[in-house]
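So in the numbering used here, spot 73 of the sequence shown is number 74, and the numbers just go up one at a time. Just so it is clear, CB atoms sit at the ideal spot from N, CA and C, and this is done for glycine as well. For clarity, every value in this text was computed on a predicted model and none was experimentally measured.
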Amino acid sequence: MNKKIIFLFCTVISLFTLHAQTINILDSSHKVSLRGLSVVDDNVFWASGSNGTVVRSIDGGQSLEWLTVKGYEQRDFRDIEALNANFVYIMAVDKPGLILLTKDGGKNWNKVYEDTTTGVFIDAMAFNKNGVTVAVGDPLSDLKAYVLYRKNKDAEFFRLQKEQMFAQGEAFFASSGTNVQFIPGTDEFVTVSGGRISRFHHLKMNIKLPLKQGTESTGANSIAVWDQQNMYVVGGDFSNDKDTTGNACYTTDGGNTWQLPIQSPHGYRSCVIYVTKNKLIACGTSGVDISEDGGITWKLISTIGFHVCQLSKSGNAVYLAGPRGRIAELIF
């Protein structure tokens, strides 16, 4: 094989690799911060964020419908859960904490939960296939984890009273709506906290994570759950978003022990997802990383900042959302 053929071969391989990891920006023209994202299938996805903003697409991002929830124009909807193109929940963090529901694709919204308690700050919510819903918020003066629970889609939300005690300065982050997740096939959920102490919480387990922690801007921001044994956590220090110190860890034994990657993501990361058991995506304000070996090593594929990434629930599409109204698709 001569040098010209070798050069052409390497060029083709390089182009294929580049194409396999392209960030395709769909929109970045709105002055809002998007932190909620829910991908129903390869065509239907929803995003949510500041200034009462909700975004809807039913054609894979070819067109985006930007909505402002009437009466809630000043609210910050940090998380969203779409069951289909029309049936969607959104969550506002504080003053008061709210969960709203639309059944008609965003034309009308109804209040399904409200908490006017002083200091309430709801950070994230998760749904499972059984219709069980959980939402988590920062602890109040009692230092108990603030956990809302709903047994099915027809039930009302109520606050669980027998939840883990938090340490002083320990809280959840409302960075991507992904610090609470259900374990697939069960009604059990896991959470990760940050701040002055960063821990993994599951049932009676309260395991300190080997992440950077100790200040209000440090600790875990997101957890991805593949199965009962394999989970991945990212975070770091959002005040220094290029710092790679203590920004990722993973477990292969259900959270009992945690390991550090050999090559960490390239900065603070607010969200992590499994695409397959071995392929993971992590994003943050300093860029996007991919891992092809279960999170042991990470490769930076973009320096464009995003808050959240999500995989289609019934397909292969991965979408991202972030600051300045940025919405994108990750093309493998």
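Taking C-beta to C-beta, are residue i and residue j nearer than 8 Å?
i: Lys213; j: Asn248; result: yes
i: Gly98; j: Gly138; result: yes
i: Ser64; j: Gly326; result: no
i: Ala83; j: Ser39; result: yes
i: Ala318; j: Asp43; result: yes
i: Val334; j: Asn87; result: Absent from the model: residue 334. The displayed extent of the chain is 2 to 333, so no value can be given.
i: Ile81; j: Trp47; result: yes
i: Gln22; j: Ile305; result: no
i: Leu68; j: Ala329; result: no
i: Val273; j: Tyr233; result: yes
i: Gly285; j: Asp254; result: no
Can you tell which of the options has its C-alpha closest to the C-alpha of residue i?
i: Ser315; options: Arg36, His31 and Val45; result: Val45
i: Gly295; options: Leu161, Val309, Ile282 and Phe307; result: Ile282
i: Phe173; options: Phe201, Asp155, Asp254 and Glu157; result: Phe201
i: Arg76; options: Ser49, Gln63, Gln22 and Ser39; result: Ser49
i: Cys310; options: Met166, Leu35 and Ser29; result: Leu35
i: Gly288; options: Leu331, Tyr251, Gly256 and Val181; result: Leu331
i: Gln260; options: Ala329, Lys209 and Phe307; result: Lys209
i: Pro185; options: Phe307, Lys154, Thr258 and Lys130; result: Lys130
i: Tyr251; options: Ser142, Thr219, Asn241 and Ser223; result: Ser223
i: Gly107; options: Asp95, Tyr73, Val135 and Ile198; result: Tyr73
i: Ser218; options: Thr253, Ala175, Ile24 and Thr277; result: Ala175
i: Tyr90; options: Lys154, Thr277 and Lys278; result: Lys154
i: Thr119; options: Arg151, Ser142 and Gly255; result: Ser142
i: Asn207; options: Glu115, Gly256 and Ser271; result: Gly256
i: Ser271; options: Lys112, Gln169 and Asn180; result: Asn180
i: Gln169; options: Leu144, Ser313, Lys152 and Tyr114; result: Leu144
i: Lys152; options: Lys278, Ile24 and Phe190; result: Phe190
i: Tyr150; options: Ser303, Gly37, Val113 and Lys278; result: Val113
i: Lys278; options: Leu312, Pro324 and Asp95; result: Leu312
i: Thr258; options: Gly37, Asp95, His203 and Asp116; result: His203
Taking its Cβ as the centre, do 16 or more other Cβ atoms sit within 10 Å of residue i, making it buried, or is it exposed?
i: Val13; result: Note on Val13: pLDDT 33, under 50, position unreliable in the model; the coordinate value appears next. Exposed, because fewer than 16 other Cβ atoms sit within 10 Å of the Cβ of Val13.
i: Thr245; result: buried
i: Phe239; result: buried
i: Pro140; result: buried
i: Gln230; result: exposed
i: Lys5; result: Since pLDDT at Lys5 reaches only 39, below the 50 mark, its modelled position is unreliable, and no value is offered.
i: Leu321; result: buried
i: Gln182; result: buried
i: Phe333; result: exposed
i: Asp228; result: exposed
Would you please state the rounded distance, in angstroms, between the beta carbons of residue i and residue j? I believe it to be under 8 Å.
i: Leu51; j: Val70; result: Looking at the sequence shown, residue 51 is not Leu but Ser. Not a contact, Cβ separation roughly 12 Å.
i: Asp188; j: Val226; result: Asp188 to Val226, Cβ: 13 Å. No contact.
i: Arg79; j: Gly237; result: Between Gly237 and Arg79 the Cβ distance is about 19 Å, and since that is not below 8 Å, they are no contact.
i: Val135; j: Val148; result: 6 Å
i: Glu171; j: Ile198; result: 5 Å
i: Gly59; j: Ser303; result: Sequence check: residue 59 is Ile here, not Gly. In fact, because the Cβ distance is near 26 Å, the residues do not count as touching under 8 Å.
Counting contacts by CB-CB distance shorter than 8 Å, is residue i in contact with chain D?
i: Trp67; result: Absence of chain D from the displayed structure is noted, only one protein chain being present.
For this session: Count the CB pairs spanning the region 213 to 223 and the region 153 to 162 that are closer than 8 Å, and state whether there are at least three.
Result: no
For this session: Inspect the CB distances between the region 260 to 280 and the region 289 to 304 and report whether three or more fall short of 8 Å.
Result: yes
For this session: Count the CB pairs spanning the region 101 to 111 and the region 119 to 139 that are closer than 8 Å, and state whether there are at least three.
Result: no
Problem set entry | Stretch-stretch touch, CB-based, cutoff 8 Å, three pairs: the region 192 to 201 with the region 54 to 69 | no
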